[in-house]
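Participant: Before anything else, here's the structure in question.
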Amino acid sequence: MPYPNEHAARLRNPDDFDPKSFRRTHGSGDGRVQGVKIPETIDVIWGKLKDANKPSDSVIAQALRFPVKNWTESEARNWLKKNEIKYIDFEPAKNEQKMIEYRTHTPCELREDGEEKYIEGYACVFGQESRDLGGFVEVIDPKAFDGCEMNDVSALFNHDGNLLLARKFGDSGTLKLQIDSNGLRYSFPIPNHYVGELLAESIRRGDVLHSSFAFTIAEDEFLKKDGKRIRTIKKFRKLYDVSPVVNPAYYVTSVTMRDFGEEEPEKKEMPQYFYDKERLQLIKFNV
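Heads up: the sequence shown begins at 65 in the numbering used here, then just goes up one per residue.
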């Protein structure tokens with residue numbers, strides 16, 4: 065089955081191995097896999113075959129794992145091809161589209177610069193605890209955007225792809241993103257169409273107050289401190305969009321209490337929210 069955070073190249077069938085013999089290393093160390101020294105950015109799954117599992121028998125590589133924080137699917141496949149690694153199956157990481165998360169943070173504002181009018185705000189802020197996300201709070205590390213894919217990012221109204229406000233392509237485009245000591249700041253000129261006019265008037269009236277962003281995670285950390293469950297986002301993998309939003313409760317997360325090592329957490333009923341039916345389903349948190 066696909067893994068959520070790593071691509072997998074299966075070298076041998078796991079059923080051929082003694083299940084108690086498996087171990088995992090970062091890279092191959094002093095050893096080699098099919099004559100190739102494996103770098104530490106790739107994990108190796110080692111084991112002993114069922115018919116060769118004596119203490120004196122050597123371990124062999126069963127699979128290679130490529131963490132998504134270091135490798136895209138195409139990079140992993142190209143590396144395998146370049147190094148002539150023979151494998152029987154390749155499984156990309158679990159579809160990242162299903163793991164897109166959304167957060168609402170700080171207010172957005174309407175600003176005028178001469179005749180030009182802008183929408184600007186912070187899509188996220190660093191080092192501040194979020195409100196309760198269903199039994200835990202979240203903190204964003206100040207270095208979380210280091211290495212984040214941000215080449216193609218849209219500004220949308222309410223995360224709706226049909227309501228495009230601005231877009232960033234590489235270093236060009238109408239959407240400007242800036243990472244400073246506070247967080248991720250965005251700005252764009254109000255487009256001269258009905259969506260832009262609707263948003264500008266809604267901000268003037270106070271109907272639209274918040275900024276949000278859509279992202280996937282490359283690395284996070286879970287801990288409990290003083291009885292509080294805290295998720296720290298260490299690295300973002302990809303930024304999809306920044307959005308002025310109507311609903312300040314625009315939270316969706318794939319995190320469960322099992323990420324905190326709690327297999328049977330106490331049950332607590334949380335509110336349910338409806339979102340754009342084409343992009344999200346009814347979300348219910350049971351924690």
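Where a beta carbon is used, it is the ideal one built from N, C-alpha and C, also for glycine.
Quick caveat: nothing in here was measured; it's all calculated off a predicted structure.
Which residue from Pro-255, Arg-301, Leu-128, Glu-70 puts its Cα closest to that of Arg-96?
Facilitator: To locate residue 96, count along the sequence shown from 1; it is residue 32. Closest option to Arg-96, Cα to Cα, is Leu-128.
Participant: Can you round the beta-carbon distance between Ala-278 and Tyr-250 to whole angstroms, since I take them to be within the 8 Å contact cut?
Facilitator: Taking the sequence shown and counting its residues from 1, the one referred to as residue 278 is at position 214. Taking the sequence shown and counting its residues from 1, the one referred to as residue 250 is at position 186. At roughly 13 Å, the Cβ-Cβ gap does not stay under 8 Å, so Ala-278 and Tyr-250 are not in contact.
Participant: Taking just the CA atoms, how far does Gly-191 sit from Gly-237?
Facilitator: Mapped onto the sequence shown, residue 237 falls at position 173. Mapped onto the sequence shown, residue 191 falls at position 127. Between Gly-237 and Gly-191, the C-alpha separation is close to 29 Å.
Participant: May I have a chain-ordered list of the beta strand (DSSP E) segments no shorter than 3 residues that lie completely inside the segment 220-293?
Facilitator: Fully enclosed beta strand (DSSP E) runs of 3 or longer: 224-233, 240-243, 247-253, 274-289.
Participant: Phe-221 and Leu-263: beta carbons closer than 8 Å?
Facilitator: Within the sequence shown, residue 221 is the residue found at index 157, counting from 1. Within the sequence shown, residue 263 is the residue found at index 199, counting from 1. In this structure, Leu-263 lies closer than 8 Å to Phe-221 by Cβ.
Participant: Give me, in chain order, the residues of the same chain whose beta-carbon lies closer than 7 Å to that of Phe-130; leave out the 5 immediate sequence neighbours on both sides.
Facilitator: In the sequence shown, the residue the question calls residue 130 occupies position 66. Once the five neighbours on either side are set aside, the close Cβ partners of Phe-130 are Glu-70, His-71, Ile-106, Ala-140.
Participant: Ordered along the chain, which non-local residues of its own chain (more than five positions away) have a Cβ less than 6 Å from that of Pro-206?
Facilitator: Here the question's residue 206 lines up with position 142 in the sequence shown. Cβ within range, chain order: Phe-190.
Participant: What did DSSP end up calling Pro-76 once you bin it into helix, strand or coil?
Facilitator: Start at 1 with the first residue of the sequence shown, and residue 76 comes out as number 12. According to the sequence displayed, residue 76 carries Arg and not Pro. Coil.
Participant: Within 8 Å, do at least three Cβ pairs link the segment 144-157 to the segment 212-230?
Facilitator: No: fewer than three Cβ pairs fall under 8 Å.
Participant: Run through DSSP, which three-state label would Arg-141 get?
Facilitator: The residue you call residue 141 lines up with position 77 of the sequence shown. In this structure, Arg-141 counts as helix in the three-state DSSP scheme.
Participant: How would you call Leu-75, buried or exposed, if buried means at least 16 neighbouring beta carbons within 10 angstroms?
Facilitator: Within the sequence shown, residue 75 is the residue found at index 11, counting from 1. So Leu-75 ends up on the buried side.
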